[in-house]
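The next block holds one structure in the form of structure tokens; read it before the comments.
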Amino acid sequence: MSDQFLFSLISGIFIGGAAGFLGSLMLTKRMALVGDALGHVALPGMGLALLLGLNVSLGAFIFLLLGIFLIWLFEIRTSLPTEALVGIVFVASLAAGFLIVPEPELLEALFGDISMVSLGMSIASAIFSIFIFLAVGRIYPSMILAGISSDLAKSEGIKVKRQDFIYLLAIAAMVALGVKIVGALLVGALMIVPAAAARNISKTLKGYYIGSIIFGILSCISGILLFKFIGLPAGPMIILVSTIFFLVSLIFKK
Amino acid sequence: MEKGIVLKVENLNVKLEKEVILENLSFEVAEGEVLTILGPNGAGKTALLKTLLGLFPFEGKIEWMAGVKTSYVPQRLPFIKDIPMSVEEFFKLKNISESKAKNILNSIGLKEDILEKRVGYLSSGQFQRILIGWALVSNPQVLLFDEPTTGIDIGGQESVYNLLEKLQKERNLTILLVTHDLSIVYKLATRCLCLNKKMLCYSIPKELSSQQLSQLYGEEVKFYQHNHHE
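So the protein lines, in turn, are chains U and H.
Each residue of the first sequence is one higher than the last, beginning at 1007 in this note's numbering.
Each residue of the second sequence is one higher than the last, beginning at 78 in this note's numbering.
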């Protein structure tokens, strides 16, 4: 087993698990497309990082913070629904990203490239994923409550806005990690599809988030193995495997 | 604030997006009272509860007794069906011990085996009991109860009010109850507030005049009058 393969596997396991975990909240908060939108927002940042020879995830993360800030700013300035604002920021980023990302790297920026994962990247993936688990795990019950009813959550003294902000930061970190593996276009699916599959087959909250984590991990491992042994691109394969989990889950739907 | 007064509201005005929702309300609620809030659809009843809970911005004065604990029973929670969650897990969102959860189930008249059931699959009557039980977890002195207007069969509704009456006595709760149902007002309420953006009456139920009611509900009220007078 080559080091390179091991590194990508470690990154995949941590990133897949954390992505599934975050995705489980995304569905209950009815914000399934946020991950997708932020994936696009990351693109110009990735392009700049490639041009300057910096870490792609770092470039992505900086642009994600900028994107979140812009959406928040527009939200205060207009009465348009957040969805519309997210839509504007995300298509603008895609267009700008397409211009900025150097052409040889464009495909890997859009669909990911697991073959270049370094030791540093796999350590960073593990650390950030654990951090995401800890931070979001702490607010998980009250996030669920806010997903049921933000009024009820507020009446229980939960600071809903602050939690949403922490959650959004966690998504931004997740996207910055995930773009390395599945690319800007597919990183949203990395979070949503495993959670959707788990929701179909679970009866309890615990079953639901554990299922999301497991489907996320299994999808990433399978995609990376398919890349290693058959040579199919890992990013799209990860998403296709998770889609198969979703289709199978429909059969067992509870 | 005077002794025994749980809530004092003075000149309360609520505007949302420049639309007047509540205008110039003043009233007070004493300990152990059951205040029903009556009014037609869109009168601002739910908005009043939410304002009292601090969820809406307002002008005027809302003063709660120092240290008083309130709990809210919302009208309905449509999104809860989307989340796979057992009744036990729903209670655990509040960090409650198992024995306390069982204790509460007991006092809302449900059996322990309901803990295993998925919240989204409960009948509307069971779900409403669970919501009331959930609100009781923090041992509130005041319950703000928003009556669901649809989806609960008459039998289910009847027993929910019996339950409220029982809990009110057991725990000496003060209850603010939003309702459409005038029969509840006569049965349960110690005081009632008629609302249609402005306060149209504020009295003990016996003194509710038919004139006040027709002012509140328009035509609809004739139906109610037959039920409750003579």
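Glycine included, every Cβ here is placed at the ideal spot set by N, Cα and C.
Remember, it's a predicted structure, so these values are computed and weren't measured experimentally.
Same chain, Cβ closer than 7 angstroms to residue i, neighbours up to 5 away in sequence not counted
i: residue 251 of chain H; result: 83, 106, 108, 109, 110, 218, 219
i: residue 289 of chain H; result: 271, 277, 278
i: residue 210 of chain H; result: 181, 182, 185
i: residue 1100 of chain U; result: 1046, 1049
i: residue 1011 of chain U; result: 1234
i: residue 212 of chain H; result: 148, 149, 150, 220
i: residue 242 of chain H; result: 265
Continuous alpha helix (DSSP H) stretch holding residue i: start and end
i: residue 334 of chain H; result: This structure leaves residue 334 of chain H out entirely; chain H is present only between 78 and 307.
i: residue 1116 of chain U; result: 1109-1117
i: residue 213 of chain H; result: 201-213
i: residue 183 of chain H; result: 175-184
i: residue 1095 of chain U; result: 1088-1106
i: residue 1249 of chain U; result: 1240-1257
Closer than 7 angstroms at the beta carbon, the chain A residues around residue i
i: residue 1084 of chain U; result: Annotation note: the requested chain A is absent from the structure, which comprises protein chains U and H.
CA-to-CA distance, residue j to residue i, given in whole angstroms
i: residue 131 of chain H; j: residue 1166 of chain U; result: 14 angstroms
i: residue 98 of chain H; j: residue 275 of chain H; result: 9 angstroms
i: residue 1131 of chain U; j: residue 1107 of chain U; result: 23 angstroms
i: residue 1084 of chain U; j: residue 91 of chain H; result: 22 angstroms
i: residue 172 of chain H; j: residue 178 of chain H; result: 10 angstroms
i: residue 191 of chain H; j: residue 164 of chain H; result: 7 angstroms
i: residue 1172 of chain U; j: residue 1182 of chain U; result: 15 angstroms
i: residue 263 of chain H; j: residue 1078 of chain U; result: 49 angstroms
i: residue 1041 of chain U; j: residue 1033 of chain U; result: 11 angstroms
i: residue 1124 of chain U; j: residue 1008 of chain U; result: 12 angstroms
i: residue 1179 of chain U; j: residue 1019 of chain U; result: 16 angstroms
i: residue 1080 of chain U; j: residue 1025 of chain U; result: 27 angstroms
i: residue 1242 of chain U; j: residue 1074 of chain U; result: 26 angstroms
i: residue 127 of chain H; j: residue 1219 of chain U; result: 37 angstroms
i: residue 138 of chain H; j: residue 1133 of chain U; result: 50 angstroms
i: residue 201 of chain H; j: residue 112 of chain H; result: 24 angstroms
i: residue 267 of chain H; j: residue 1158 of chain U; result: 27 angstroms
i: residue 307 of chain H; j: residue 256 of chain H; result: Low per-residue confidence applies at residue 307 of chain H: pLDDT is 34, beneath 50, and the placement is therefore not dependable, though the value from the model is reported in the following sentence. Roughly 22 angstroms between the two C-alpha positions.
i: residue 1161 of chain U; j: residue 144 of chain H; result: 15 angstroms
i: residue 155 of chain H; j: residue 162 of chain H; result: 14 angstroms
i: residue 104 of chain H; j: residue 1051 of chain U; result: 57 angstroms
i: residue 1214 of chain U; j: residue 260 of chain H; result: 43 angstroms
i: residue 117 of chain H; j: residue 135 of chain H; result: 22 angstroms
Per-residue contacts from residue i into chain U (C-beta, under 9 angstroms)
i: residue 149 of chain H; result: 1157, 1158, 1161, 1162
Proximal residues of chain H, C-beta to C-beta of residue i below 8 angstroms
i: residue 1211 of chain U; result: 160, 161, 162, 163, 166
i: residue 1153 of chain U; result: 156, 160
i: residue 1208 of chain U; result: 161
Boundaries of the beta strand (DSSP E) in which residue i is found, first to last residue
i: residue 276 of chain H; result: 275-280
i: residue 223 of chain H; result: 219-223
i: residue 87 of chain H; result: 82-93
i: residue 1163 of chain U; result: Note, residue 1163 of chain U: premise wrong, no beta strand (DSSP E); not H, not E.
i: residue 193 of chain H; result: No beta strand (DSSP E) contains residue 193 of chain H, which DSSP labels as neither H nor E.
i: residue 1221 of chain U; result: From DSSP, residue 1221 of chain U is part of no beta strand (DSSP E) but of the alpha helix (DSSP H) over 1211-1236.
i: residue 101 of chain H; result: 96-107
i: residue 252 of chain H; result: 251-256
Under 7 angstroms by beta carbon: chain H residues contacting residue i
i: residue 1214 of chain U; result: 161
i: residue 1029 of chain U; result: Correct list: empty, because the minimum Cβ distance to chain H is about 14 angstroms.
Amino acids of chain U, ordered along the chain, whose beta-carbon sits closer than 7 angstroms to that of residue i
i: residue 222 of chain H; result: The premise fails here: residue 222 of chain H is roughly 12 angstroms from chain U at the closest Cβ pair, so nothing lies under 7 angstroms.
i: residue 170 of chain H; result: 1147, 1150, 1151
Nonlocal neighbours in the same chain, by C-beta distance under 8 angstroms from residue i, ignoring five residues either side
i: residue 1256 of chain U; result: 1206
i: residue 1056 of chain U; result: 1062, 1065, 1107, 1108, 1111, 1115
i: residue 1127 of chain U; result: 1013, 1017, 1063, 1186
i: residue 1245 of chain U; result: 1188, 1192, 1195, 1196, 1199, 1225, 1229
i: residue 1247 of chain U; result: 1224, 1225, 1228, 1229, 1232
i: residue 151 of chain H; result: 208, 223
i: residue 1250 of chain U; result: none
Residue i: contacting residues in chain U (beta-carbon distance under 8 angstroms)
i: residue 204 of chain H; result: Neighbours of residue 204 of chain H on chain U: none; closest Cβ ~12 angstroms, over 8 angstroms.
Close Cβ partners of residue i (< 6 angstroms) along its chain, the five nearest in sequence each way excluded
i: residue 1217 of chain U; result: 1204, 1208
i: residue 1067 of chain U; result: 1182
i: residue 1043 of chain U; result: 1092, 1096
i: residue 214 of chain H; result: 171, 173
i: residue 142 of chain H; result: 83
i: residue 1283 of chain U; result: Residue 1283 of chain U is absent from the structure shown; chain U starts at 1007 and stops at 1260.
i: residue 1090 of chain U; result: none
Report task. Anything in the segment 1133-1149 of chain U with a Cβ closer than 9 angstroms to a Cβ of chain H? List those residues in chain order, please. Result -> 1147, 1148
Check: Of the residues that make up the segment 121-141 of chain H, which ones have a beta carbon closer than 7 angstroms to any beta carbon in chain U?
Finding: 127, 130, 132
*asked:* Taking beta-carbon pairs under 7 angstroms, can you tell me which members of the segment 1162-1179 of chain U lie near chain H?
replied: Only those residues of the segment 1162-1179 of chain U whose C-beta falls short of 7 angstroms from the nearest C-beta of chain H would be listed, and there are none.
At a Cβ cut of 9 angstroms, what residues of the segment 262-278 of chain H count as close to chain U, listed as they run along the chain?
none
> Looking at chain H, which residues of the segment 1030-1043 of chain U have a Cβ within less than 8 angstroms of any of its Cβ atoms?
Replying inline: 1033, 1034, 1036
Any residues in the segment 180-204 of chain H with a beta carbon nearer than 7 angstroms to a beta carbon of chain U? Which ones, in chain order?
Residues passing the 7 angstroms Cβ filter: 195.
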